[in-house]
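**Q**
Right, here's the structure in full:
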């Protein structure tokens with residue numbers, strides 16, 4: 001008798017839906033025709049995953065465009081150099097020399 005208890009307990013737990021719904025014996029006959037939440041559930045699931053994927057994609061784009069670890073929104077050295085040249089603060093020779101110095105690897 002003691003040896004049958006470990007085997008009968010899982011069978012009793014597995015049969016719980018059939019015991020709770022004796023008319024259909026656990027076949028979920030009256031629960032929306034066996035389709036779960038139907039179209040509404042499918043739609044909500046698709047919207048959830050689409051929103052989650054969109055959030056992840058936007059987060060990667062934001063990080064890639066000088067996000068939190070970028071240069072803090074400051075202009076690049078070449079952009080500053082071009083602005084100074086456009087305002088007339090430096091002449092063409094100075095602009096070309098500094099541009100060459102910026103483009104040369106260290």
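Residue numbers (full-length UniProt numbering): 1 to 106.
Positions of the beta carbon are idealized from the N, C-alpha and C atoms, including for glycine.
#1: Around the C-beta of residue 47, are 16 or more other C-beta atoms found within 10 angstroms, so that it is buried, or is it exposed?
#2: With 16 other CB atoms within 10 Å as the buried threshold, where does residue 81 fall?
#3: Hey, how far is the Cα of residue 41 from the Cα of residue 49?
#4: Just reading off the alpha helix (DSSP H) that residue 103 is part of, what are its end residues?
#5: Am I right that residue 78 and residue 99 are in contact with their C-beta atoms under 8 Å? What's the rounded C-beta distance?
#6: DSSP three-state label for residue 41, please.
#7: Quick one: grab the DSSP three-state call for residue 64.
#8: Since residue 92 and residue 84 are thought to touch, with beta carbons under 8 Å apart, how far apart are those beta carbons, to the nearest angstrom?
**A** This is what the structure gives:
#1: exposed
#2: buried
#3: 12 Å
#4: 92–103
#5: 7 Å
#6: helix
#7: helix
#8: With 8 Å as the limit, residue 92 and residue 84 do not qualify as a contact, their Cβ atoms being about 12 Å apart.
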